[in-house]
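Counting in UniProt numbering, the sequence shown runs from 1 upward without gaps. Ideal placement from N, C-alpha and C gives every residue a C-beta, glycine not left out. As the structure is a computational prediction, the values presented were derived from the model and not from experiment.
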Amino acid sequence: MLIPELALSILMPITNKKIKRFIPYVILMSRIDRFNILKDRDETYKKLMLKEPLNESELNFLNENII
1 MLIPELALSI LMPITNKKIK RFIPYVILMS RIDRFNILKD RDETYKKLML
51 KEPLNESELN FLNENII
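Written out as structure tokens, the structure reads:
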């Protein structure tokens, strides 16, 4: 149980700066794939795959649903 908590502490809060870093990006993408968080948000998923900056509403959605 310690490893998921450590991963979340590295990731939270999700920002555009953290998305560009390797370890937070890998943690974020693994959680998105595992829990199918962005199943109806194809545009946000494409932005994440290309590491493009997300707007404020997309960041808020991820911060609320990643836990």
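Practice item. Taking R41 as the reference, give the member of N16, S57, V26 with the closest Cα. Key: Against the sequence shown, residue 41 aligns to sequence position 41. Of the listed residues, the one whose Cα sits closest to R41 is S57.
Review point. Under the three-state reduction of DSSP, which class applies to M49: helix, strand or coil?
Key: The sequence position of residue 49 within the sequence shown is 49, counting from 1. Residue state, collapsed to three classes: helix.
Practice item. Quick one: using the 10 Å Cβ neighbour count with 16 as the cut-off for buried, is I3 buried or exposed? Key: Position 3 of the sequence shown, counted from the start, is the residue given in the question as residue 3. Under this definition I3 is an exposed residue.
Exercise for review: For residue 72, count neighbouring C-beta atoms within 10 Å of its own C-beta (all shown protein chains included) and say buried if the count is 16 or more, exposed if not.
Suggested key: Nothing can be reported for residue 72, as the shown portion of the chain is limited to 1 through 67.
**Study point:** Assumed close pair I14, N63 - CB separation to whole angstroms, cut-off 8 Å
**Key:** Counting from 1 along the sequence shown, the entry for residue 14 is found at position 14. Counting from 1 along the sequence shown, the entry for residue 63 is found at position 63. Their Cβ separation, rounded to whole angstroms, is 5 Å, which keeps I14 and N63 in contact under 8 Å.
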